[in-house]
Amino acid sequence: MSQEAAIITSKPIFPGSLDATGHRATLGVLGGGQLGRMFVHAAQRLGYYTAVLEPDAHSPAGLVSHHHIQTSYDDPAGLAQLAQLCQAITTEFENVPAQALHTLAQSRPVAPGAAVVGIAQNRIEEKAHFSACADVSGVTCAPYAVLETPAQLAAIQANPAELLPGILKTARLGYDGKGQVRVQTADALAAAWAGLGHTACVLEKMLPLTAECSVLVARGWDGLVVSFPPQRNVHEAGILAVTHAYEGALPPALAERAREAAVAIAQHLGYVGVLCVEFFVVDDGSAHGRLVVNEMAPRPHNSGHYTLDACDASQFDLQVHTMAGLPLPQPRQHSPAIMLNLLGDVWFDAAGQLREPNWPAVLNLPGTHLHLYGKTQARPGRKMGHLTITGSEAAGVKAVARQAAELLGLPGQDAI
Ligand code: ADP
Ligand code: MG
């Protein structure tokens, strides 16, 4: 067990408690985006004070936190102030500098830790981890090759049928479909790699997907793991558009396998915090298809936002519980749900003019829960908020989700 684990398991941080100097129990987060904002809301609801380290003066999380330290993520003075204010610290975005987490972990419990965040930040290390625990998780990743040298390129080109057509993905800093190029031929691969500046990449074989799903798990310092039911995700142009979270959204046996695999992956990492594991369902001729692990996010995830309104504890509640060493009861989903992502596109009409979405009509629909992140400027593709629809049964939820999607002009309505 790491040193920070020893600190926190011996001393849970209770909300509302005062430390030796009379300061309220305060939880900190590196990053000020919407995930940080929903973390802050969850922590504050329990009675914690919060601190956000984020350079942007108008960030979604900074706007709602007790403390906002406005420095870059690796600023020594900013990090020292965060450590001084907080009894435990978490992160809300994947590409937080691992060094910042190392620095903070010298004096405070940090969950998840720098080492596991570092693995999730790099597709090469991430796939190596998935492969290392395939025996226990029961799932493998898509066939792939590491591409870092001209010799590796030549080796792939010598045997093109093995991985082509494929998707070339940068090892680091890719998200929402960015840093990816689809390649059909050996020549196209060479051109695509040059286009990416010969940076470290993985080439993945293009698989025939029938669906995509993800699982959110939370693991405490003591090794206890709980999980939410797996959800089915539909992407549009590489960005999550719709999450289906109700019985029957996925074949039950497949959902159970995904859940078990995600738990095994978190255990094998010695992970502490909330982890999202994303899977492909691949057509292999069988009734329900084969599960393939795609990637993981070391934090709450867009596909888990429905847990705020459809479960008795949300992914952000569990983030608070894990970092503070609070008990971790198994969460229960009490309502079927569909989540619709609201990108900046919704704020533009067909002529490209800014408009206010028709909120009155959307909010007039039963079981709608609107979450806007406080971002003032809408831009196409920018995550501005989400809308969750809950109800007593899936058919009714789908009907309302379709109406809401139509009112807002959302893409992918036929996928609901
Ligand atoms: P990101 O970090 O951008 O989410 P992903 O690896 O999840 O990157 O890829 C984005 C999307 O591209 C996936 O959700 C999936 O729809 C598609 N995709 C990625 N890899 C493959 C693959 N090997 N075969 C088929 N589709 C893929
Ligand atoms: Mg993805």
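The letter at position 258 of the sequence shown is residue 607 when you use this note's numbering, and the numbering goes up by one with no holes.
Just so it is clear, CB atoms sit at the ideal spot from N, CA and C, and this is done for glycine as well.
ask   = Going straight from the alpha carbon of A598 to that of H718, what length do you get?
value = In the sequence shown, the residue the question calls residue 598 occupies position 249. In the sequence shown, the residue the question calls residue 718 occupies position 369. Rounded to the nearest angstrom, the two C-alpha atoms are 20 Å apart.
request  = Would you tell me roughly how many angstroms separate the C-alpha atoms of P361 and A673, rounded to the nearest one?
outcome  = Stepping through the sequence shown from its first residue, residue 361 is reached at position 12. Stepping through the sequence shown from its first residue, residue 673 is reached at position 324. Roughly 6 Å separates the two Cα atoms.
query = In the DSSP assignment, what are the bridge partners of E475?
reply = By one-based count along the sequence shown, residue 475 stands at place 126. E475 is not bridged to any residue.
request  = Look at the alpha carbon of I687 and the alpha carbon of Q752, and state the distance between them as a whole number of angstroms.
outcome  = Stepping through the sequence shown from its first residue, residue 687 is reached at position 338. Stepping through the sequence shown from its first residue, residue 752 is reached at position 403. The alpha-carbon atoms of I687 and Q752 are separated by roughly 12 Å.
message = Going by beta-carbon coordinates alone, are T559 and G638 separated by less than 7 Å?
response = Counted from its first residue, the sequence shown places residue 559 at position 210. Counted from its first residue, the sequence shown places residue 638 at position 289. It is a contact, given that the beta carbons lie within the stated cut-off.
task = Report yes if the C-beta of I516 is less than 6 Å from at least one heavy atom of the ligand ADP; otherwise report no.
result = Here residue 516 refers to the residue found at position 167 when the sequence shown is read from its first residue. It does: the Cβ of I516 is within 6 Å (strictly closer) of some heavy atom of the ligand ADP.
query = When DSSP labels each residue in this structure, what does V583 get in the three-state scheme?
reply = Sequence index remark: in the sequence shown, residue 583 carries index 234 (1-based). Strand at V583.
query = Which residues in the same chain have their Cβ closer than 8 Å to the Cβ of A764, if we skip the five residues on either side of it in sequence?
reply = Reading the sequence shown from its first residue, position 415 is the one you call residue 764. For A764, where only same-chain residues beyond five positions count, the Cβ hits under 8 Å are V583, A590 and V591.
message = Considering only their Cβ atoms, is the gap separating V551 from A541 smaller than 7 Å?
response = Residue mapping note: residue 541 aligns to position 192 of the sequence shown, counting from 1. Residue mapping note: residue 551 aligns to position 202 of the sequence shown, counting from 1. No, the pair does not count as a contact, with Cβ atoms beyond the cut-off.
ask   = Which residue's Cα is closest to the Cα of Q433: L453, T440, V445 and A447?
value = On the sequence shown, residue 433 is found 84 positions in, with the first residue counted as 1. Closest option to Q433, Cα to Cα, is L453.
query = So what's T656 in DSSP terms, helix, strand or just coil?
reply = Position 307 of the sequence shown, counted from the start, is the residue given in the question as residue 656. The answer is helix: DSSP assigns T656 an H, G or I state.
task = Mind checking who L470 pairs with in its DSSP beta bridge?
result = To locate residue 470, count along the sequence shown from 1; it is residue 121. One detail in the question is off: residue 470 reads as Gln in this sequence, not Leu. BP columns for Q470 are empty, so no partner.
task = Alpha carbon to alpha carbon, how far is V459 from S351? Give it in angstroms, no decimals.
result = Here residue 351 refers to the residue found at position 2 when the sequence shown is read from its first residue. Here residue 459 refers to the residue found at position 110 when the sequence shown is read from its first residue. Residue confidence is low: S351 scores 46 on pLDDT, short of 50, so the model does not pin down where it sits. Its coordinate-derived value is still stated next. Cα to Cα, S351 sits roughly 11 Å from V459.
inquiry  = Give me, in chain order, the residues of the same chain whose beta-carbon lies closer than 6 Å to that of P600; leave out the 5 immediate sequence neighbours on both sides.
reply    = Within the sequence shown, residue 600 is the residue found at index 251, counting from 1. Closer than 6 Å at the Cβ level, and outside the excluded window around P600, lie H637.
inquiry  = Using CA atoms only, rank isn't needed, just tell me which of A507, Q702 and T534 is closest to Q517.
reply    = For the purposes of this step, residue 517 is identified with residue 168 of the sequence shown, where counting begins at 1. The amino acid occupying residue 517 in the given sequence is Leu; Gln does not appear at that position. With distances taken between Cα atoms, L517 lies closest to T534.
task = Could you check if Q679 is buried or exposed, using at least 16 other CB atoms within 10 Å of its CB as the buried criterion?
result = Walking along the sequence shown from the start, residue 679 turns up at place 330. When all chains shown are included, Q679 counts as exposed.
task = Kindly confirm or deny that the region 624–634 and the region 646–656 touch, where touching means at least three C-beta pairs closer than 8 Å.
result = yes
request  = Report yes if the C-beta distance between Q470 and E497 is below 7 Å; otherwise report no.
outcome  = Numbered from 1 along the sequence shown, position 121 holds the residue referred to as residue 470. Numbered from 1 along the sequence shown, position 148 holds the residue referred to as residue 497. No; because the gap between Cβ atoms is not below 7 Å, this pair is not in contact.
task = Please state if the CB of L556 and the CB of A491 are separated by a distance shorter than 7 Å.
result = As a working note, residue 491 is residue 142 in the sequence shown. As a working note, residue 556 is residue 207 in the sequence shown. A contact, by the Cβ cut-off of 7 Å.
Lining residues of the ligand MG - beta-carbon closer than 7 Å to any non-hydrogen atom, in sequence order = E627, N643 and E644
key: Spatial neighbours of T489 in its chain, beta-carbon cut-off 6 Å, leaving aside the 5 residues before and after   = Working through the sequence shown from its first residue, we reach residue 489 at position 140. Excluding positions up to five away in sequence, the list reads A483.
inquiry  = Relative to the C-alpha of T737, which candidate in S684, D698, Y398 and R704 has its C-alpha closest?
reply    = Taking the sequence shown and counting its residues from 1, one reaches residue 737 at position 388. Answer by Cα proximity: S684.
message = Looking at the strands, I want to know which residues DSSP matches up with H720.
response = On the sequence shown, position 371 is the one that residue 720 refers to. H720 is bridged to H735.
query = So is the beta-carbon of H478 under 6 Å away from any non-hydrogen atom of the ligand ADP?
reply = Residue numbering aside, residue 478 sits at position 129 when the sequence shown is read from its first letter. It does not: the Cβ of H478 is nowhere closer than 6 Å to a heavy atom of the ligand ADP.
ask   = So, helix, strand or coil for K527, using DSSP?
value = Within the sequence shown, the letter at position 178 stands for residue 527. DSSP places K527 in coil when its eight states are reduced to three.
message = Could you check if M672 belongs to the surroundings of the ligand ADP, using beta carbon to heavy atom distance under 6 Å?
response = If you number the sequence shown from 1, residue 672 lands on position 323. No, since every heavy atom of the ligand ADP falls outside the 6 Å radius drawn around the Cβ of M672.
task = Per DSSP, which residues does R373 bridge with? Please list them.
result = Numbered from 1 along the sequence shown, position 24 holds the residue referred to as residue 373. Its beta-bridge partners are L367.
message = Helix, strand or coil, according to DSSP, for Q533 in the structure here?
response = Translated into positions along the sequence shown, residue 533 becomes position 184. It is coil, neither helix nor strand.
key: E553 CB to nearest heavy atom of the ligand ADP below 6 Å   = Sequence index remark: in the sequence shown, residue 553 carries index 204 (1-based). For the ligand ADP, at least one heavy atom lies less than 6 Å from the Cβ of E553.
ask   = I438 and Q430: beta carbons closer than 7 Å?
value = Residue numbering aside, residue 438 sits at position 89 when the sequence shown is read from its first letter. Residue numbering aside, residue 430 sits at position 81 when the sequence shown is read from its first letter. No, the pair does not count as a contact, with Cβ atoms beyond the cut-off.
request  = Please check the pair A410 and R386, which I expect to be a contact at CB under 8 Å, by giving their CB distance rounded to whole angstroms.
outcome  = For the purposes of this step, residue 410 is identified with residue 61 of the sequence shown, where counting begins at 1. For the purposes of this step, residue 386 is identified with residue 37 of the sequence shown, where counting begins at 1. The pair is a contact, with the Cβ atoms about 4 Å apart (cut-off 8 Å).
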